[in-house]
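The sequence shown begins at 105 in this note's numbering and counts up one residue at a time. We treat Cβ as the ideally placed atom computed from N, Cα and C, and that holds for glycine. As the structure is a prediction and not an experimental result, all values here were calculated from the model.
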Amino acid sequence: MLKGKVAVITGGTRGIGYATVKKFLENGAKVVLFGSRSETVEKALSSLKAENPDWEVSGDYPNLSDLASVKAAMQKIKDQYGKIDILVNNAGVSDSTKIEDYAEGQFDKIMSLNINGMFNAIQSVVGIMRENGGGCILNTSSMVSISGQPSGVAYPTSKFAVNGLTLSLARELGPSKIRVNAVAPGITNTDMVAALPEQMIQPMINAIPLRRIGEPEDIANAFLFLASDLASYVTGEILSVDGAMRA
């Protein structure tokens, strides 16, 4: 479904990001994954290469909050492949801090990665996509961008912003044949959820109409669809992948 495409996936070393890297590779894409540190990037690359040595995958660890760092990383990819077809903005951090317990700067730090980092990646790749006659930008939103959450207001605030960015850029970049969409995962079986005790997980499952939590592959499948030509007339959408748990 992605044969010949060049994709950049931020937050690609574990969880949803790693599953998306693997899914894109399985479907013929060349992938550059971004992580926060060289150690996590190398670990992910080693795992992928062990699974299939023929996959064309590499990695980098630019500071997503620093525009110059991101631009340099994107330019390096363009120099290597001549283009970037797909950008998946998956890097982010969650939060559950009560409003009165936020330390000074904590809110800004979450917003910086979840929004500024996404903005920097998009700004760094748009010119490359325009030169190539179009492209696809995909953003990771969240179920809480629709429903909010009981605490940790910085996280849903950032994801509401992701939705606004997605909808607005779909309009702005559409004439350049750049599609912009987002996926809003529900509760997903990542490391964070796996660490929760069973007595916390089961009530979550009971509240989901499909009666299971999502798997990273469920979210990766949504990204694959939106990145592919099957979604060539889809832009400005926030696709919920949450088993209908939207409250």
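Looking only at Gly116, Asn267, Lys187, Ser216, the smallest Cα-Cα distance to Asn236 is reached by Lys187. Here Val135 is bridged, per DSSP, to Ala111, Val161. Leu137 is not a Cβ neighbour of Val110, given a cutoff of 9 Å. Leaving aside the five residues that flank Val297 on each side, the residues in its chain whose CB is nearer than 8 Å to its CB run, in chain order, Ile291, Ile305, Ile317. In this structure, Ser249 is the residue among Tyr122, Asp183, Ser249 with its C-alpha nearest to the C-alpha of Thr261. The residue among Ile282, Glu204, Asn243 with its C-alpha nearest the C-alpha of Ser255 is Glu204. Using a C-beta cut-off of 8 Å, the region 264 to 284 makes no contact with the region 123 to 143, since fewer than three inter-stretch Cβ pairs fall below that distance. Beta-bridge partners of Arg350 (DSSP): none assigned.
Of all alpha-carbon atoms in Gly347, Leu106, Leu334, the one lying nearest the alpha-carbon of Leu191 is that of Leu106. In terms of Cβ geometry, Asn194 and Thr294 do not form a close pair [threshold 9 Å]. In terms of Cβ geometry, Val287 and Leu242 form a close pair [threshold 9 Å]. For the 9 Å CB-CB criterion, Thr144 and Thr124 do not form a contact. Under a 10 Å Cβ-count criterion, Lys202 is classified as exposed, with fewer than 16 other Cβ atoms of the shown protein chains found around its own Cβ. By alpha-carbon distance to Ser198, the top candidate from Cys240, Pro279, Ile214 is Ile214. Counted as a single uninterrupted DSSP element, the alpha helix (DSSP H) harbouring Ala176 occupies residues 171 to 185. Closest by C-alpha distance to Met308, out of Gly347, Leu273, Ser150, Phe211, is Gly347. Short of 7 Å from the beta carbon of Lys281, and not among the five residues preceding or following it, lie these beta carbons of its own chain, in chain order: Gly237, Gly238. Val297 sits in a helix when the DSSP states are folded into three classes. When secondary structure is reduced to three states using DSSP, Ser344 falls in the strand class.
For Val161 against Leu168, the beta-carbon gap comes to about 19 Å, at or over 8 Å, which does not count as contact.
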